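Worksheet for the structure shown next.
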Amino acid sequence: MVEEYRDRRNYFIASLNEIPGVEALRPAGAFYAFADFSSIEKSSVKMNQRLLSEARVVGIPGSAFGNAGEGYIRFSFASSMEELKEAVNRMTVTFRRG
């Protein structure tokens with residue numbers, strides 16, 4: 001099970017980093033990715049709304065974790081690999097459109 005989560009983490013972080021303007025650091029612990037979208041949108045609430053309405057991907061605005069989280073979105077990668085691939089695909093398509 002640990003190896004499965006490691007594979008999901010590695011895939012999801014690498015894939016987020018391939019989206020222009022997104023930077024995700026590899027987490028040290030839990031199964032959450034904290035991705036910086038601030039070069040696309042400064043407001044994590046607005047970015048989260050865009051991800052939900054346009055890409056149909058659910059995250060948590062970084063501002064929910066305090067001021068230092070502004071511009072970030074937290075995602076869980078505790079889903080299946082298929083779901084992660086679909087989420088990445090949807091986000092990629094959304095940001096290609098502008």
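So the sequence shown is numbered by full-length UniProt numbering: it starts at 1 and just counts up by one. All residues carry an ideal CB built from backbone N, CA and C; glycine is no exception. Treat the numbers as computed from the prediction; the structure is a model and nothing was measured.
CB of residue i within 8 Å of CB of residue j, strictly
{"i": "residue 9", "j": "residue 77", "result": "yes"}
{"i": "residue 44", "j": "residue 63", "result": "yes"}
{"i": "residue 65", "j": "residue 35", "result": "no"}
{"i": "residue 40", "j": "residue 60", "result": "no"}
Pairwise C-alpha distance: residue j and residue i
{"i": "residue 88", "j": "residue 12", "result": "8 Å"}
{"i": "residue 67", "j": "residue 97", "result": "29 Å"}
{"i": "residue 82", "j": "residue 5", "result": "13 Å"}
{"i": "residue 1", "j": "residue 42", "result": "36 Å"}
Start-to-end residues for the alpha helix (DSSP H) that takes in residue i
{"i": "residue 19", "result": "Here residue 19 belongs to no alpha helix (DSSP H), and DSSP marks it neither H nor E."}
{"i": "residue 96", "result": "81–97"}
Residue of the options minimising C-alpha distance to residue i
{"i": "residue 58", "options": "6, 29, 15 and 86", "result": "86"}
{"i": "residue 93", "options": "20, 33 and 1", "result": "20"}
{"i": "residue 3", "options": "42, 31 and 17", "result": "31"}
Proximity test, residue i beta-carbon vs the ligand COA heavy atom, cut-off 7 Å
{"i": "residue 70", "result": "No copy of the ligand COA occurs in the structure displayed, which carries no ligand at all."}
Meets three-Cβ-pair contact criterion under 8 Å: the segment 9–28 and the segment 43–53:
Inter-segment contact for the segment 9–28 and the segment 43–53 is absent: fewer than three beta-carbon pairs are separated by less than 8 Å.
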